[in-house]
Amino acid sequence: MAMTQKQMILAVARGEHVDKLPFGARIDVWYNYHSAHKTLPEKYKGWSQTDILRDQGAGAQYRFPAVVKEEYKDMEFIEKNDPPYITTEYKTPVGTVSKKDLFDTSEGPWIRYEMEKIFKSEKDYPVIKYVMEHTIPVDNFEAFQKVRDEVGEDGMVMTGAGLLWSPVQRVMREMIGYEQFFYELADRPAEVEALIEAAKDLERRKLKVAVKCDLEIFNICANWSDDIQTPVFKKYFTPWFKEVSDLLHAHGRLAMAHTDGEMRRLNPLLRETEIDIAEAVTPAPQSLVPMTEFRRELGDNMVIWGGIPSILFEPMYSDEDFDNYVKNLFKEMAPGYRFIVGMGDNLPFDGDINRVGRVVELIEEYGKLPIEI
Amino acid sequence: MFDLSSLSMAIEGGDREKSVQLTTEAISAGTNPKDIITNGLQAGMGAVGEKFSSGEYFLPDMLMAARAMKAALEVLAPLLEKTGIPTIGKAVIGTVEGDMHDIGKNVVATFLKGSGFEVFDLGLNVPDQKFIDEVKDKSPDILGLSALLTTTMPFMGRIIKALEAGGLRSGVKVIVGGAPITQDYANYIGADAYAHDGGKAIQVCKQLLGK
């Protein structure tokens, strides 16, 4: 009996051999945009993402926020939803902090943008730390299971214990902001490090809840790019990823990073993290790094998921260009046992959905394993 | 004569305090403020840009250098009130509509400033019309467009078309950048140039102006 899409992806992720390349495709940007603008192709009007991917013959790569939610104790938590903005205020005994997010999926992306960071000045350090220390992780398994039931055996629901970021990234990108983070780290290293420790502690408590869920692959860090490969990476990031990878491995789970950025400087460090899967790998021409370099740097023990840059689905590339790229990609990954075909990282809104199906056809023709050159 | 290479090195090392101290000392020694900027601050920032592009420096190194330069410029500001800061060109820069990402754009804006450009940073999520209005109003040499998302990068092409329709295209060089942007894409939408990173952006902008 043939393996399902999910079984094939999981088998490769675990280092087992399958008979052809699995394909996990991600189309939420394209789907959200066209659903909101009522411009889905006639055939797909009223269809779900997963049904469209089923029709194209590809495995689904469906995003779900997290299997753990945050609740708050010993503070007043006020959230106001004034579309497209969400303002959040945390009134604690040690002070008040607030943030303002933009959340609107009509142009594609499903993530919130922090228009106003929770950190505004030095006085916010103790308050943010208090908020994290009084955040209670609670399971979100029911909502996750509902999505997983919908996807079924036709793909994977991609999620983890937290939202997008690892704890250090959360402090860097979500709370303080990238540029200010480095200024603060130079001016007030003790305060920044205390915040990082509080974020790690919260994430540890989330993971403790999350491993009770039978999620097979945990996305432990998203949006990797060379901007986080800084002199601080080895000090703050690597030990954390090792700790989480060890914990997940002890529970029989796999660790994954969403590595869809410019990765030349990060690739040599990725293996040191003991993360199992580099997902959304985005090679040239969308980044500087050719697929052969990804393969060489990540080695044979790490699973690569990705390889087709989003822009290849754009009309600027002809069908012939697309076919040639994909066929060459398969050759570069030969014999192909540690490779899951995927996108870096999404089908763009003006991308051609039928090229998703074309990848499936090319796998049938050229992606039987082992791939011979 | 004050040795401005030490100031250049302080900027290169992102040492804010030393940059301020050396700028103050250079002024006290009677050094021409324009020389301080050209041979101290801009020379330092130029070296940082090159080191970033070559892979020796990281993005935070650029940020720290930019912060040091900004602090040094504040020391110089009272002396430049009448003459202004010497510039080699004018640039309008922003992240296109619908896109909330600005790390790369900020780095480019900072480095353009540090390299002698007069920069008008429109911020993020900038509507097409705002770019057009600013090109009309400021008559910049360079228009820098940034996008991180495949959903927003087509707006770059739309802005270029609007510049053409408004008869403004020939008066400004358009440079594009951002994670999903490639040289092929820049060519496809009719941009004048593409730069992969902040260091390259400065070189490319200078080349566009023949500097």
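First to last, the protein sequences are chains A and B.
Here the first sequence is numbered in my numbering, starting from 1 and rising by one per residue.
Here the second sequence is numbered in my numbering, starting from 1001 and rising by one per residue.
The C-beta atom is built at its ideal place from N, Cα and C for all residues, glycine as well.
When C-alpha distances from Ala13/A are compared across Gly252/A, Val359/A and Asp321/A, the shortest belongs to Gly252/A. Against chain B, the CB of Asp350/A has a partner CB under 8 Å away; the residue lies at that interface.
For Met156/A, the uninterrupted beta strand (DSSP E) segment begins and ends at Gly155 to Met158. When DSSP reads this structure, Asp82/A sits in a beta bridge with Tyr85/A. Closer than 8 Å to the CB of Asp1184/B there is at least one CB belonging to chain A.
With fewer than 16 other Cβ atoms from the protein chains shown falling within 10 Å of its own Cβ, Ile78/A counts as exposed. Not a single CB atom of chain B sits nearer than 8 Å to the CB of Ala25/A. Straight-line spacing of the CA atoms in Tyr325/A and Met316/A works out to 14 Å.
Residue nearest to Met1045/B within the set Thr1095/B, Leu1073/B and Pro1140/B is Leu1073/B (criterion: CA-CA distance). For the pair Glu279/A and Ile1085/B, the Cα-to-Cα distance works out to about 47 Å. Interface residue (Cβ-Cβ distance to chain B less than 8 Å): Arg265/A is classified as such. Comparing C-alpha distances from Asp350/A to each of His37/A, Gly299/A and Val68/A shows the shortest one belongs to His37/A. Around the CB of Asp345/A, 16 or more other CB atoms lie within 10 Å, so the residue is classed as buried.
Taking 8 Å as the cut-off, the beta carbon of Asp1192/B is found closer than this to the beta carbon of Lys1173/B.
By the neighbour-count criterion, in which a residue is buried when 16 or more other Cβ atoms sit within 10 angstroms of its Cβ, Leu1079/B is exposed. Of Gly306/A, Val171/A and Asp276/A, the smallest CA-CA separation from Ile340/A is found for Gly306/A. Using a CB distance below 7 Å, the part of the stretch 1090–1104 of chain B facing chain A consists of Gly1098, Met1100 and Ile1103, ordered along the chain. Counting the other CB atoms within 10 Å of its CB gives Ile1189/B a total of 16 or more, which places it among the buried residues. With fewer than 16 other Cβ atoms from the protein chains shown falling within 10 Å of its own Cβ, Ser1139/B counts as exposed. Around the beta-carbon of Thr50/A, 16 or more other beta-carbon atoms lie within 10 Å, marking it buried. For the set Asp201/A, Arg265/A and Arg205/A, the Cα lying nearest the Cα of Lys234/A is the one of Arg265/A. DSSP, reduced to helix, strand and coil, places Arg14/A outside both helices and strands of the structure shown, so it counts as coil.
Following the DSSP letters along the chain, one finds Lys1130/B inside the alpha helix (DSSP H) bounded by residues Asp1128 to Lys1138. The DSSP-derived three-state label of Gly1030/B is coil. Close to chain B, meaning a Cβ-Cβ distance shorter than 8 Å, are the following residues of the stretch 203–233 of chain A: Ser225, Asp226, Asp227, Gln229, Thr230, Pro231 and Val232. DSSP, read as helix, strand or coil, puts Trp305/A in strand. Within the stretch 309–323 of chain A, the residues whose Cβ lies closer than 7 Å to any Cβ of chain B are, in chain order, Ser310, Ile311 and Met316.
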